[in-house]
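**Q** Protein chains in written order, with my numbering: chain A, 6 to 288; chain B, 192 to 460. Cβ atoms here follow ideal geometry from the backbone N, Cα and C, with glycine treated the same way.
1. Please confirm if the stretch 292-309 of chain B is in contact with the stretch 362-382 of chain B, defined as three or more CB-CB distances below 8 Å between the two stretches.
2. Three or more C-beta pairs closer than 8 Å, one from the stretch 265-277 of chain A and one from the stretch 200-220 of chain B: is that the case here?
3. At the 8 Å Cβ level, is residue 212/A part of the contact set with chain B, yes or no?
4. Spell out whether any CB of chain A is found under 8 Å from the CB atom of residue 394/B.
5. Ordered along the chain, which non-local residues of its own chain (more than five positions away) have a Cβ less than 7 Å from that of residue 120/A?
6. Would you kindly work out how many angstroms separate the C-alpha atoms of residue 45/A and residue 257/B, rounded to a whole number?
7. Can you grab the Cα-Cα spacing for the pair residue 78/A / residue 165/A, in whole Å?
8. Note down, in chain order, every chain A residue with its Cβ under 9 Å from the Cβ of residue 306/B.
9. Let me check understanding here. Comparing Cα to Cα, which of 21/A, 73/A and 55/A lies closest to residue 35/A?
10. Does the Cβ-Cβ distance between residue 116/A and residue 145/A come in under 8 Å?
11. Below 8 Å on C-beta distance, what does residue 325/B contact in chain A?
12. Assuming residue 144/A is part of the beta strand (DSSP E), what are its boundary residues?
13. Please list the terminal residues of the continuous alpha helix (DSSP H) segment that includes residue 193/A.
14. Would you report the Cα separation of residue 135/A and residue 128/A, rounded to the nearest angstrom?
15. Check residue 274/A in the structure and name its three-state DSSP category.
16. For residue 409/B, which of helix, strand or coil comes out of DSSP?
17. Measuring alpha carbon to alpha carbon, tell me which residue in 263/A, 230/A, 242/A and 207/A is nearest residue 233/B.
18. Report yes if the CB atom of residue 252/A is closer than 8 Å to the CB atom of residue 185/A, and no otherwise.
19. Compare the Cα-Cα distances from residue 276/B to each of 445/B, 435/B, 447/B and 439/B and report the closest residue.
20. Would you identify the three-state DSSP class for residue 138/A, choosing helix, strand or coil?
21. How many angstroms separate the CA atom of residue 108/A from the CA atom of residue 53/A?
22. Distance, Cα to Cα, residue 245/B vs residue 378/B?
23. Alpha helix (DSSP H) containing residue 234/B: first to last residue?
24. What three-state label does DSSP hand residue 458/B in the structure shown?
25. Any beta carbon of chain A sitting closer than 8 Å to that of residue 340/B?
26. Count Cβ pairs between the stretch 353-365 of chain B and the stretch 393-408 of chain B that sit closer than 8 Å; are there 3 or more?
27. Are the C-beta of residue 199/A and some C-beta of chain B separated by less than 8 Å?
28. Relative to the alpha-carbon of residue 268/A, which residue among 224/A, 56/A and 55/A has its alpha-carbon at the smallest distance?
29. Report buried or exposed for residue 211/B, applying the criterion of at least 16 other Cβ atoms within 10 angstroms of its Cβ.
30. Assess contact between the stretch 349-357 of chain B and the stretch 259-276 of chain B, defined as three or more Cβ pairs (one per stretch) separated by less than 8 Å. Is contact present?
31. Quick check on DSSP: helix, strand or coil for residue 46/A?
32. Quick test of your reading: residue 213/B and residue 237/B, contact by CB under 8 Å. State the CB separation rounded to the nearest angstrom.
33. Work out the CA separation of residue 106/A and residue 98/A for me, nearest whole Å.
34. Just to confirm the assignment, what range does the alpha helix (DSSP H) spanning residue 257/A have?
35. Is residue 343/B close to chain A, meaning its C-beta is less than 8 Å from at least one C-beta of that chain?
36. Identify the residues that DSSP records as bridge partners of residue 218/A: which are they?
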């Protein structure tokens with residue numbers, strides 16, 4: 006049996022330098038990966054107080070991959086690979102890979118810029134190309150949003166860099182622009198007073214910045230007015246509902262007409278009056 | 192004047208009703224629960240005061256009545272009502288823009304709205320913490336991006352105490368303003384950090400906060416805030432409410448509105 010082994014060179018191999026190298030390489034890999042994982046976690050934990058969640062995540066991933074690369078190269082070195090040659094080959098390979106993975110790399114770099122720019126953080130409400138969503142995570146390739154109807158929206162980082170993104174939750178207060186139309190017969194000064202009265206009675210409508218009244222113009226069927234009021238960001242939706250409801254009620258109370266679209270019919274060059282038929286159903 | 196705060200004993204299945212200005216409160220003791228119902232009126236100037244009057248329990252589905260139920264051991268017999276100051280700073284205006292020249296000082300009086308707290312049988316944690324008359328929100332800061340959310344007071348700050356209306360559901364604060372800076376201080380509005388103040392009862396039965404001093408050192412916006420131990424204008428009997436927040440030493444505050452006051456309402460555009 007031992008002859009068989011010696012013929013196959015197994016015992017030589019077991020005691021040879023190559024075997025020792027292999028054992029060392031495996032040990033370096035196992036211990037190295039463990040250390041890399043622990044070290045990156047510790048780095049992220051250390052940063053958590055000073056940096057935002059995604060920066061900590063980025064540091065964790067970067068440090069992990071750098072340490073992993075070091076571990077793998079030293080393991081390869083133990084196995085007797087000539088790293089110089091390997092790196093040369095890798096250079097050629099990188100060019101080929103670079104062309105192949107252009108999109109991913111562009112997203113990756115955009116991701117780094119997005120994180121550095123801090124235009125938004127996890128939890129913010131964004132408007133991306135007309136779609137609203139809360140940021141769940143900012144990853145290396147994409148930003149993930151949760152829409153109001155609870156769908157996950159994945160936006161590639163490259164697109165986030167290129168398009169206009171509205172952050173609805175950056176500042177603590179928001180303005181609500183209400184478009185109000187009143188009939189031409191109404192006295193706008195009186196309408197203005199009623200609108201300000203409604204804003205004054207609504208406790209979530211901010212006193213300051215004061216509400217803004219803009220006379221926008223003469224519309225087809227109505228005097229077009231804009232009434233802008235401010236509220237705490239979290240109260241925005243409540244303000245939108247309560248204000249419109251209260252304005253309608255106040256207009257009804259004071260007999261102010263919110264007109265429907267009017268249409269005047271012209272029947273050609275001869276403007277005879279329209280025939281009107283009286284209906285009396287015997288009531 | 193009768194005090195509306197204090198301990199009240201409630202029999203099983205009895206309802207007591209309080210009317211504090213615009214706020215109506217019903218407290219009912221059930222077998223193993225307490226039911227607290229509240230309703231708010233629209234009239235901020237309402238001055239009605241009804242204390243612990245036996246009443247019918249309101250039906251919960253009535254419009255505008257908010258009913259909350261709290262589990263409790265059947266041994267609990269009494270509730271305590273207590274006043275508290277607002278949970279945000281209040282912003283008060285002066286009747287006309289007011290100037291404190293360099294190295295001068297003045298005292299302004301203001302009346303802050305109160306919150307109502309309901310406690311069970313000597314417990315520390317309150318069941319309910321609700322405004323008696325909800326003040327309007329307002330923004331206090333140099334622009335619409337930086338600043339602080341506050342409550343706006345409808346009554347303005349007065350130079351003379353006798354001009355200030357006294358109501359059982361409001362607390363009076365005396366704010367001493369010292370302008371130690373070389374330039375005059377224009378005051379249109381003033382932010383008062385009421386969450387850091389406590390409440391005292393005067394011998395007449397009105398509520399006061401301790402006196403506070405706002406010291407303006409230089410031309411910068413920030414002001415040093417100093418609290419006295421008690422109200423200085425009255426003979427205070429006892430402290431009945433602790434502050435909501437603890438003030439750190441060397442507390443600085445932007446009390447006079449800085450840029451926003453000067454720029455006015457430009458930010459709307």
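**A** Considering the structure as presented:
1. Yes: at least three Cβ pairs fall under 8 Å.
2. no
3. yes
4. no
5. 59, 60, 63 and 143
6. 52 Å
7. When only Cα atoms are considered, residue 78/A and residue 165/A end up about 36 Å apart.
8. Contact annotation for residue 306/B against chain A: no contact, minimum CB-CB distance about 14 Å [criterion: below 9 Å].
9. 73/A
10. yes
11. 208
12. Taken as a continuous stretch (DSSP letters only), residue 144/A belongs to no beta strand (DSSP E), as it is neither H nor E.
13. 193-206
14. 18 Å
15. Here residue 274/A sits in coil by DSSP.
16. coil
17. 207/A
18. yes
19. 435/B
20. strand
21. 30 Å
22. Rounded to whole angstroms, residue 245/B to residue 378/B spans 48 Å at the Cα level.
23. From DSSP, residue 234/B is part of no alpha helix (DSSP H); its letter is neither H nor E.
24. Confidence is the limiting factor: at residue 458/B the pLDDT is only 38, short of 50, which leaves the residue's position unreliable and the question unanswerable from this model.
25. yes
26. yes
27. At least 8 Å separates the CB of residue 199/A from every CB of chain B.
28. 224/A
29. buried
30. no
31. helix
32. 4 Å
33. As the crow flies, the alpha-carbon of residue 98/A is around 12 Å from that of residue 106/A.
34. 241-258
35. Interface residue, yes.
36. 232/A
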